[in-house]
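*Asks:* According to our numbering, the stretch in the sequence shown is residues 1 to 343, in order. One structure coming up, written as structure tokens, with questions to follow.
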Amino acid sequence: MLTAGYLDESLRTFIPNHRRVSRAVAVTQLAHEIEKGKNGTILVSSEFFSSRFRDREIELFARDFSHYRPTIIVVVRDHYSLIRSSYSEAIMSGYRGTMADYVDELADGENRYCRYQETLKPWEARFGRESIKLIAYQKDADIIDDILSAIVRKRLTGPLEANIRLNESCDLEVLGYVRLFNELAPSWKDLFDSNTLDLWDGVCQKRRKYISLLADRPIRHQTAPLNSLRKKKCRNKIEAMIGNDREWLAQHGIVFSSDLSAISDIESACAMQPVDMPLPQCGEISLAMNEIRSFNNSLGMGVRALQSQAEASYSLKIKTHAQVVVKALRRLFARLVMDYVRR
């Protein structure tokens, strides 16, 4: 709520009314908490600092906290690893675009998400370079411990070290099928615009169930041919976007080694069109039909006619009639999702 209070009203429409507070109220409440806690160091964390704060918001934030001595701690990650991970996160949150679409959006000149220098220069200008501390993200490290150590200047011991934090990205095949689900399901914005945002939890639950189904059953597929031209264009866009960052990060003492796995995944995903993605083999289709029957029985949805239509399509030769199966799947999932979230 604190950082949202700094945003222009046009950027706050996505925040539920019951969670909206003015900037003045939020700052006063935080100051009260700081005073009550009597701690020497207070940590304020928000994704909005990097994703939505620009010169205006940074200046207002600096004024409100001018009586403190802030240290700006920023976790940076190899660009290709960041893109691969954030695309996976976006898909899990309902994003409908392909990897190529996602790279195009990141490459837009107004998008600072993968441009560390552009994002942090205004913070350096306002708070001073000596106040900026960069931490290089390491996949196997405890990022919470890294951040807290930068504040208290010593490694922490105890329960934090024992905890295992896993947030693995799904493989490309699973992401592809989840993206198809997202195309069929109403998006957050669709529901917001239609004043039915209360249905969003239902959509998210359905997506999580679908992801779990895919993750628990390995997808066996044929390898689709990759388009080398699309692959090269994708790589060139990313390199043009992040080129200046490498030198700037080096000035801060950070040099990343190439994440070859992330590079390969991004290039492969960009080199495939949505229609290139092979369908699951018969075993997985059968399991999917069983899952759909389970939905029908447990939720009482009248989809028997659609099931018969879809199953008839599956009796065709899968490899030569892939498009027929895709259309049947899409019709079926569209009805299932919309009926489910509106119940």
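Ideal Cβ placement from N, Cα and C applies to all residues, glycine included.
Take Val44 as the anchor and find which of Phe53, Thr3, Arg77 has the nearest alpha-carbon.
*Replies:* If you number the sequence shown from 1, residue 44 lands on position 44. Among Phe53, Thr3, Arg77, the Cα nearest to that of Val44 belongs to Thr3.
*Asks:* If the criterion is Cβ atoms closer than 7 Å, does the pair Ala269 and Met92 meet it?
*Replies:* On the sequence shown, residue 269 is found 269 positions in, with the first residue counted as 1. On the sequence shown, residue 92 is found 92 positions in, with the first residue counted as 1. Not a contact, by the Cβ cut-off of 7 Å.
*Asks:* Helix, strand or coil, according to DSSP, for Val75 in the structure here?
*Replies:* Here residue 75 refers to the residue found at position 75 of the sequence shown. Val75: strand per DSSP, three-state reduction.
*Asks:* Let's test the definition: count the other Cβ atoms within 10 Å of the Cβ of Ile266 and tell me whether it reaches 16, buried, or not, exposed.
*Replies:* Residue numbering aside, residue 266 sits at position 266 when the sequence shown is read from its first letter. Buried, by the Cβ-count rule.
*Asks:* If distances are taken between C-alpha atoms only, which option among Leu260, Ile73, Cys234 comes closest to Gly128?
*Replies:* Walking along the sequence shown from the start, residue 128 turns up at place 128. Measuring from the Cα of Gly128, the nearest candidate turns out to be Ile73.
*Asks:* Considering Cα atoms alone, identify which of Ile254, Glu35, Ser264 is closest to Val75.
*Replies:* In the sequence shown, the residue the question calls residue 75 occupies position 75. When each option's Cα is compared against that of Val75, the closest is Ile254.
*Asks:* Could you name the residues that DSSP lists as bridge partners for Ile83?
*Replies:* As a working note, residue 83 is residue 83 in the sequence shown. Answer is none; Ile83 lacks a bridge partner.
*Asks:* Please report the Cβ distance between Arg126 and Glu59, rounded to the nearest whole angstrom; I am assuming they are in contact, meaning their Cβ atoms lie under 8 Å.
*Replies:* Here the question's residue 126 lines up with position 126 in the sequence shown. Here the question's residue 59 lines up with position 59 in the sequence shown. About 7 Å separates the beta carbons of Arg126 and Glu59, which is inside the 8 Å limit, making them a contact pair.
*Asks:* Nearest chain B C-beta to Ser264 closer than 7 Å, yes or no?
*Replies:* No chain B is part of this structure, which consists of one protein chain only.
*Asks:* How is the beta strand (DSSP E) around Ala136 delimited, first residue to last?
*Replies:* Position 136 of the sequence shown, counted from the first residue, corresponds to residue 136. Its beta strand (DSSP E) spans residues 132-136.
*Asks:* Is Ser88 buried or exposed, if buried means 16 or more other CB atoms sit within 10 Å of its CB?
*Replies:* As a position in the sequence shown, residue 88 is number 88, starting the count at 1. So Ser88 ends up on the buried side.
*Asks:* From Lys233 to Ser257, what distance separates their C-alpha atoms?
*Replies:* Within the sequence shown, the letter at position 233 stands for residue 233. Within the sequence shown, the letter at position 257 stands for residue 257. Rounded to the nearest angstrom, the two C-alpha atoms are 22 Å apart.
*Asks:* Quick check on Arg52: does DSSP put it in helix, strand or coil?
*Replies:* Translated into the one-based positions of the sequence shown, residue 52 becomes position 52. In the three-state scheme derived from DSSP, where H, G and I count as helix and E and B as strand, Arg52 is classed as coil.
*Asks:* First and last residue of the alpha helix (DSSP H) that includes Met99?
*Replies:* Mapped onto the sequence shown, residue 99 falls at position 99. In this chain, the alpha helix (DSSP H) harbouring Met99 covers 99-107.
*Asks:* For Glu124 versus Ile132, is the C-beta distance shorter than 7 Å?
*Replies:* Here residue 124 refers to the residue found at position 124 when the sequence shown is read from its first residue. Here residue 132 refers to the residue found at position 132 when the sequence shown is read from its first residue. In contact: Glu124 and Ile132 (Cβ atoms closer than 7 Å).
*Asks:* Excluding five sequence neighbours on each side, which residues of the same chain lie with their C-beta closer than 6 Å to the C-beta of Thr119?
*Replies:* Residue numbering aside, residue 119 sits at position 119 when the sequence shown is read from its first letter. Here the set comprises Ser50, Arg112.
*Asks:* Would Asp259 and Ser22 be called neighbours here (beta carbons separated by less than 7 Å)?
*Replies:* Along the sequence shown, one-based indexing puts residue 259 at 259. Along the sequence shown, one-based indexing puts residue 22 at 22. The answer is no: Cβ separation not under 7 Å.
*Asks:* For a test of the three-state rule: what should DSSP assign to Glu110, helix, strand or coil?
*Replies:* Counted from its first residue, the sequence shown places residue 110 at position 110. Glu110 falls in the coil class under three-state DSSP.
*Asks:* Assuming the contact rule is C-beta atoms closer than 8 Å, Val174 and Pro186 should be a hit. Round their C-beta distance to whole Å, please.
*Replies:* As a working note, residue 174 is residue 174 in the sequence shown. As a working note, residue 186 is residue 186 in the sequence shown. 21 Å between Cβ atoms; not a contact.
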